[in-house]
Amino acid sequence: MTRESLLISTLVELADNLVDNFDVIDVLTILSNRCVEAIDVDAAGVLLTSPEGDLQFVASSSESIRTLELFQIQSDEGPCVDCCRSGTAIVNHALEDSYAQWPRFTPMAVAHGFRSVHCLPLRLRGRTIGTLNLFRTEQGPLSAEDVVVAQGLADVATIAIIQHRSTLDAITLNDQLSHALNSRIIIEQAKGKVSQATNCSMDEAFDRLRAHARNHNVRLTEVAEAVVAGEIESDLLDRAVPSKRR
Amino acid sequence: MPINRLIDIYEDLARREHLGTDTPSLCVVAAEFLDVSGAGIGILPSRGPMTVFCTSNHVAQDLMDLEVTLGEGPCVDACSSAGVVAEPDLRTPRGQRWISYVPQASAAGARAVFGVPVRIGAIRLGALSLFDHRAGPLTEAQSSDAYLMASVVGRAVLSVQAGAPPDSIADELLRQSTFDFTVHQAAGMVAVQGAVTVGEALARLRAHAFALNVTATALASRVIFRETVFDALSREWLETGTSTR
């Protein structure tokens, strides 16, 4: 094999399941590390909600964070848990003020050397699907700039999660999209035929197709297919009058 | 490392979402990320020919229209190919493929063209079409990025579709796309005008647009506004001299 063809076949192999090959955990771990590099925090972690609504630990930049994240989940207490439930960010929370709020989490976090914590919700379609959690060993708030960058990284994490989750439904979604596209095309073609044959507007043509479908208790796509195939003559379509109620 | 490039793509998408409510189309993202002159995305439904999802500029639009009209070209081929389909120099093409497409694509402003399959595992969604003003193959980095980008595009389209009610195309997809349904409306009209099947009407519409050197969309508009009509008796296209605009 020539070098070029070896390279191409490697790329083709990689292409086969490219996004799949990159475990979402790897992606989120790298993102957690990028948080630590990009902004003034010392550790970062990501928690995700399962379909049942339980929080799961997914990734972190260091082992100590992993322990803290797991502890929050197990004790059902902590800034990340609150952030996930409320869907709002918890920013610049000084741990020295948190003993009452998180009586079990706070001493543990402090023992690990952290002094402040920030949690950003990961949101998709109005739901909180997890949190990006940032920990600092220093006192004092994150700069406004850092908060913006952190939110940006939270958005990247959300995109990564969406991308990796889409594998699960890919067959169904592809079928749905295919079907919807084909249906839409046929309906538009039927509209054109009806509009030309009965000398009405596209909107009126659409109304007639819908009325016919409703009155005969069949799907709009079926009527459209019949019109396109010439099985129903356009001027024989029902007018847009309401169907009789029983 | 490829995984870092994948995250770079996610960062690009996230940054753009933040910039405003007008999400730029996925093809604009693809063209800029891959550093090529333009890009288009074709969706291949389970039945029927390729449909153009979006294009990043006029030349990319012309090239996609050309492929749909002629039924040949890199995007069409990539819808069923294993890897990237490439023609690094349209002026000195390799082999005998795309006899009609090659000179027309070159005249439209492309010098190099590529098609990248958009798949999720074994599921084929369509293809990503790329063109450049410069001759030459994709670099190794561009090739690698192109596969990643195609992967991301496929998932992005499906994840948006996930939010849609059954039997419909997601609103967001409709907004981001340039799906052109007016061509199909016009085909319905021409089918009645010429007493032909809708399939034949579509073919005649595209062929006439091609001959006039206008887009199928532009001709469809003329048909819908009763400015152009296909005459059954003469089997010719006529200008009516009137309009319902």
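As they're listed, the protein sequences go chains A and B. For the first sequence, the numbering used here assigns the number 1208 to the initial residue and increments by one for each residue that follows. For the second sequence, the numbering used here assigns the number 380 to the initial residue and increments by one for each residue that follows. All C-beta atoms, glycine included, are put in the ideal place defined by N, C-alpha and C.
Could you have a look at residue i and say whether DSSP puts it in helix, strand or coil?
i, result
"residue 611(B)", "coil"
"residue 1267(A)", "strand"
"residue 436(B)", "coil"
"residue 1393(A)", "helix"
"residue 511(B)", "strand"
"residue 1170(A)", "The structure shown does not extend to residue 1170(A), since chain A is modelled only from 1208 through 1453, so no value can be given for it."
"residue 463(B)", "coil"
"residue 383(B)", "helix"
"residue 488(B)", "coil"
"residue 1250(A)", "strand"
"residue 1319(A)", "coil"
"residue 580(B)", "helix"
"residue 1329(A)", "strand"
"residue 1195(A)", "Not covered by the structure: residue 1195(A). The range shown for chain A is 1208 to 1453."
"residue 620(B)", "coil"
"residue 587(B)", "helix"
"residue 1219(A)", "Note that residue 1219(A) scores 43 on pLDDT, short of 50, meaning its location in the model is unreliable; the coordinates nonetheless yield the value given after this. In the structure shown, residue 1219(A) sits in a helix (DSSP, three-state: H, G or I)."
"residue 474(B)", "coil"
"residue 517(B)", "coil"
"residue 423(B)", "coil"
"residue 1439(A)", "coil"
"residue 557(B)", "coil"
"residue 1452(A)", "Bear in mind that the predicted position of residue 1452(A) carries a pLDDT of just 49, short of 50, making it unreliable; the figure below should be weighed with that in mind. Of the three classes helix, strand and coil, the one that applies to residue 1452(A) here is coil, per DSSP."
"residue 504(B)", "strand"
"residue 1384(A)", "helix"
Can you grab the Cα-Cα spacing for the pair residue i / residue j, in whole Å?
i, j, result
"residue 475(B)", "residue 452(B)", "12 Å"
"residue 503(B)", "residue 423(B)", "8 Å"
"residue 482(B)", "residue 512(B)", "14 Å"
"residue 635(B)", "residue 523(B)", "The question about residue 635(B) has no answer, for chain B in this structure spans 380 to 624."
"residue 616(B)", "residue 570(B)", "13 Å"
"residue 508(B)", "residue 565(B)", "26 Å"
"residue 1312(A)", "residue 1255(A)", "19 Å"
"residue 454(B)", "residue 494(B)", "5 Å"
"residue 1238(A)", "residue 525(B)", "22 Å"
"residue 1420(A)", "residue 1263(A)", "48 Å"
"residue 514(B)", "residue 417(B)", "14 Å"
"residue 1450(A)", "residue 1418(A)", "Below a pLDDT of 50, predicted positions are generally treated as unreliable, and residue 1450(A), at 49, falls in that range; no measurement from the model is reported."
"residue 548(B)", "residue 391(B)", "25 Å"
"residue 425(B)", "residue 457(B)", "15 Å"
"residue 559(B)", "residue 596(B)", "7 Å"
"residue 590(B)", "residue 598(B)", "11 Å"
"residue 1283(A)", "residue 1295(A)", "17 Å"
"residue 1436(A)", "residue 534(B)", "34 Å"
"residue 501(B)", "residue 449(B)", "27 Å"
Near residue i, which residues of its chain fall below 6 Å by C-beta distance, leaving aside the five closest residues on each side in sequence?
i, result
"residue 1216(A)", "In this prediction, residue 1216(A) scores a pLDDT of 45, lower than 50, which makes its location untrustworthy; no coordinate-derived value is stated."
"residue 1290(A)", "1297, 1326, 1328, 1338"
"residue 1398(A)", "1409, 1412, 1413"
"residue 385(B)", "527"
"residue 542(B)", "549"
"residue 415(B)", "509, 511"
"residue 1309(A)", "1284, 1285"
Confirm, please, whether the CB-CB distance from residue j to residue i is below 8 Å.
i, j, result
"residue 1250(A)", "residue 1267(A)", "yes"
"residue 1393(A)", "residue 1440(A)", "no"
"residue 532(B)", "residue 405(B)", "yes"
"residue 556(B)", "residue 412(B)", "no"
"residue 469(B)", "residue 491(B)", "yes"
"residue 443(B)", "residue 421(B)", "yes"
"residue 410(B)", "residue 441(B)", "no"
"residue 537(B)", "residue 1380(A)", "yes"
"residue 609(B)", "residue 583(B)", "yes"
"residue 1403(A)", "residue 540(B)", "no"
"residue 1344(A)", "residue 1320(A)", "yes"
"residue 1287(A)", "residue 1303(A)", "no"
"residue 575(B)", "residue 567(B)", "no"
"residue 1265(A)", "residue 1367(A)", "no"
"residue 516(B)", "residue 465(B)", "yes"
Rounded to the nearest angstrom, how far is the Cβ of residue i from that of residue j, given a contact under 8 Å?
i, j, result
"residue 1339(A)", "residue 1329(A)", "6 Å"
"residue 393(B)", "residue 1363(A)", "4 Å"
"residue 605(B)", "residue 621(B)", "6 Å"
"residue 1374(A)", "residue 388(B)", "That pair is no contact at about 16 Å."
"residue 601(B)", "residue 607(B)", "4 Å"
"residue 519(B)", "residue 480(B)", "With a Cβ gap of about 26 Å, residue 519(B) and residue 480(B) do not count as contacting."
"residue 1457(A)", "residue 1323(A)", "This structure gives no information on residue 1457(A), because the portion of chain A shown stretches from 1208 to 1453."
Taking 8 Å as the CB-CB cut-off, is residue i touching chain C?
i, result
"residue 547(B)", "In the structure shown, chain C cannot be found, because the protein chains are A and B."
Leaving out the 5 sequence neighbours to the left and right, which residues in its chain are closer than 7 Å to residue i when beta-carbon positions are compared?
i, result
"residue 1390(A)", "1428"
"residue 1358(A)", "1327"
"residue 1223(A)", "Interpretation of residue 1223(A) is limited by its pLDDT of 41, a score under 50 that renders its predicted location unreliable; the figure taken from the coordinates is listed afterwards. No residues qualify anywhere along the chain."
"residue 407(B)", "435"
Once the 5 residues before and after residue i are set aside, which same chain residues still bring their CB inside 8 Å of it?
i, result
"residue 1416(A)", "1394, 1397, 1398, 1401, 1427, 1430, 1431, 1434, 1444"
"residue 1242(A)", "1248, 1251, 1268, 1339, 1341, 1357, 1360"
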